Amino acid sequence: MDVIPKIIHLEQIESTNEYGKQLLQDKRLDEHTIIWTDNQTMGKGRGQNRWYTEKSKNLTFSIVAYPTFLDIANHFYLVKVVSLALVDAISNYTSPVSIKWPNDIYVGENKISGILIENTLEQNKIKSSIIGIGLNVNQTAFDPTLPHPTSLKNATGREFHLKHLMYEIIIFYTRRLALLKNNDLKTLDDDYHQYLYKRDHTCSFKKGETQFNAVVKGVSKSGYLMIITEDGKHHTLDFGDVVWE
Ligand code: BTN
Numbered sequence: 004m005d006v007i008p009k010i011i012h013l014e015q016i017e018s019t020n021e022y023g024k025q026l027l028q029d030k031r032l033d034e035h036t037i038i039w040t041d042n043q044t045m046g047k048g049r050g051q052n053r054w055y056t057e058k059s060k061n062l063t064f065s066i067v068a069y070p071t072f073l074d075i076a077n078h079f080y081l082v083k084v085v086s087l088a089l090v091d092a093i094s095n096y097t098s099p100v101s102i103k104w105p106n107d108i109y110v111g112e113n114k115i116s117g118i119l120i121e122n123t124l125e126q127n128k129i130k131s132s133i134i135g136i137g138l139n140v141n142q143t144a145f146d147p148t149l150p151h152p153t154s155l156k157n158a159t160g161r162e163f164h165l166k167h168l169m170y171e172i173i174i175f176y177t178r179r180l181a182l183l184k185n186n187d188l189k190t191l192d193d194d195y196h197q198y199l200y201k202r203d204h205t206c207s208f209k210k211g212e213t214q215f216n217a218v219v220k221g222v223s224k225s226g227y228l229m230i231i232t233e234d235g236k237h238h239t240l241d242f243g244d245v246v247w248e
């Protein structure tokens with residue numbers, strides 16, 4: 004059965020991920036609790052990046068999860084669960100939707116959504132996770148310095164009801180999470196690969212100042228990108244090692 008999550012709705016907050024982490028320090032929140040804001044003023048992206056969003060136009064929320072059953076070695080499966088939930092939801096409205104490794108969601112050649120998962124660890128297990136999702140929905144104009152942003156409205160020409168859309172994402176998320184809880188890793192692997200951006204295509208990467216071309220083959224169990232360079236050699240790339248060009 005699909006869950007009805009508890010929602011903490013805030014008019015404005017710097018970052019739903021940060022707020023969620025602070026709350027978790029003080030008390031246990033129910034699994035699937037959502038921290039959702041209309042106006043995220045200091046959104047965090049992966050690495051040193053920021054996440055920019057126009058007030059009341061887009062979805063910026065975080066989901067509380069307790070994937071305590073997951074070994075650290077398998078932490079990338081949570082990335083797969085969330086990426087696929089977003090693909091499931093967005094594909095209802097537009098195509099082609101893909102997952103640009105590790106977890107950017109693309110429509111065609113443009114980024115529509117980003118994910119930031121922050122885990123708290125205990126021994127070799129994940130104790131809790133804050134799953135931050137930014138999805139561009141009704142915003143149509145973006146800072147020209149951002150790399151290829153788009154939104155659902157840009158892709159479809161229509162306006163979306165933010166809360167309804169968020170519920171749709173949660174439903175897909177809980178279904179994908181159930182696959183993980185049931186240890187159906189094959190479905191998650193197969194689907195993630197099916198939607199992997201540029202799979203079997205030659206792409207340009209940059210490591211430091213060095214540019215190279217390689218064919219994208221897949222993603223390993225632990226989340227490394229598997230590529231074949233022009234000399235025929237197989238390599239795995241960690242996030243942070245390289246940038247897509
Ligand atoms: C990325 O693409 O770099 C990840 C972006 C993640 C943005 C979301 S918006 C909701 C949540 N709160 C944050 O501060 N960041 C995430």
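So the sequence shown is numbered by this note's numbering: it starts at 4 and just counts up by one. Cβ coordinates follow ideal geometry from the N, Cα and C atoms, glycine included. On a predicted model such as this, the values are computed, not experimentally measured, just so you know.
* Label residue 157 either buried or exposed according to how many other C-beta atoms from any shown protein chain fall within 10 Å of its C-beta, with 16 as the threshold for buried. => Reading the sequence shown from its first residue, position 154 is the one you call residue 157. Residue 157 is buried by the Cβ-count criterion.
* Relative to the ligand BTN, is the shortest distance from any of its heavy atoms to the C-beta of residue 48 smaller than 8 Å? -> The residue you call residue 48 lines up with position 45 of the sequence shown. Because some heavy atom of the ligand BTN lies under 8 Å away, the Cβ of residue 48 counts as near it: yes.
* Asked: From residue 239 to residue 225, what distance separates their C-alpha atoms?
  -> Translated into positions along the sequence shown, residue 239 becomes position 236. Translated into positions along the sequence shown, residue 225 becomes position 222. Spanning the two alpha carbons is a distance of roughly 10 Å.
* Return the CA-CA distance between residue 132 and residue 91, expressed in angstroms with no decimal places. => Stepping through the sequence shown from its first residue, residue 132 is reached at position 129. Stepping through the sequence shown from its first residue, residue 91 is reached at position 88. Distance between the alpha carbons of residue 132 and residue 91: 21 Å.
* **Neighbourhood of residue 208 by C-beta, 8 Å cutoff - its chain only, sequence neighbours within 5 removed** => By 1-based counting over the sequence shown, the position of residue 208 is 205. Contacts found: 214, 215, 216, 217, 230, 240, 245, 246, 247, 248.
* To do: Go through its chain and collect everything with a Cβ distance to residue 161's Cβ below 6 Å, but skip five positions before and after it.
  => For the purposes of this step, residue 161 is taken as residue 158 along the sequence shown, with counting starting at 1. If we look at residue 161 and ignore the five residues flanking it on each side, it has no Cβ neighbours.
* Taking the Cβ atom as the reference point for each residue, do residue 102 and residue 227 lie within a distance shorter than 9 Å? -> Counting from one through the sequence shown, the residue named residue 102 turns up at place 99. Counting from one through the sequence shown, the residue named residue 227 turns up at place 224. Contact: no.
* Touching by the beta-carbon criterion (3+ pairs, under 8 Å), the region 34-42 and the region 109-125 -> no
* Asked: Heavy atom of the ligand BTN less than 8 Å from the Cβ of residue 65, yes or no?
  -> Along the sequence shown, read from residue 1 onward, the residue named residue 65 stands at position 62. Yes.
* **Opening and closing residue of the alpha helix (DSSP H) in which residue 90 lies** => What you label residue 90 is simply residue 87 of the sequence shown in a count that begins at 1. Element bounds for residue 90: 79-94.
* Boundaries of the beta strand (DSSP E) in which residue 229 is found, first to last residue -> Taking the first residue of the sequence shown as position 1, residue 229 is located at position 226. Counting along the chain, the beta strand (DSSP E) containing residue 229 begins and ends at 228-232.
* With hydrogens ignored, establish whether the beta-carbon of residue 107 is closer than 8 Å to any heavy atom of the ligand BTN. => Within the sequence shown, residue 107 is the residue found at index 104, counting from 1. Answer for residue 107: yes, Cβ within range of the ligand BTN.
* Relative to the C-alpha of residue 75, which residue among 142, 49, 129, 166 is closest? -> One-based indexing of the sequence shown puts residue 75 at position 72. With distances taken between Cα atoms, residue 75 lies closest to 129.
* Asked: Helix, strand or coil: which one does DSSP assign to residue 7?
  -> The sequence position of residue 7 within the sequence shown is 4, counting from 1. Three-state DSSP puts residue 7 in coil, outside helix and strand.
* Nearest-angstrom Cα separation, counted from residue 65 out to residue 40 -> The residue labelled residue 40 in the question sits at position 37 within the sequence shown. The residue labelled residue 65 in the question sits at position 62 within the sequence shown. Using only the alpha carbons, I get a separation of about 9 Å.
* **N- and C-terminal bounds of the alpha helix (DSSP H) containing residue 210** => Counted from its first residue, the sequence shown places residue 210 at position 207. Unbroken run through residue 210 is the beta strand (DSSP E), 205-210; no alpha helix (DSSP H).
* residue 43 Cβ short of 8 Å to the ligand BTN heavy atom set -> Locating residue 43 in the sequence shown gives position 40, where the first residue counts as 1. Yes - the ligand BTN has a heavy atom lying nearer than 8 Å to the Cβ of residue 43.
* To do: Just confirm the distance between the C-beta atoms of residue 141 and residue 175, as a whole number of angstroms; I'd bet it's less than 8 Å.
  => Against the sequence shown, residue 141 aligns to sequence position 138. Against the sequence shown, residue 175 aligns to sequence position 172. With a Cβ gap of about 20 Å, residue 141 and residue 175 do not count as contacting.
* With 9 Å set as the bound, which would you pick, yes or no: does the beta-carbon of residue 50 sit closer than that to a beta-carbon of chain B? -> Reference to chain B is not applicable here, since this structure consists of a single protein chain.
* Cα-Cα separation, residue 135 to residue 234 -> Your numbering for residue 135 matches position 132 in the sequence shown. Your numbering for residue 234 matches position 231 in the sequence shown. Rounded to whole angstroms, residue 135 to residue 234 spans 39 Å at the Cα level.
* For residue 179, which of helix, strand or coil comes out of DSSP? -> Working through the sequence shown from its first residue, we reach residue 179 at position 176. The answer is helix: DSSP assigns residue 179 an H, G or I state.
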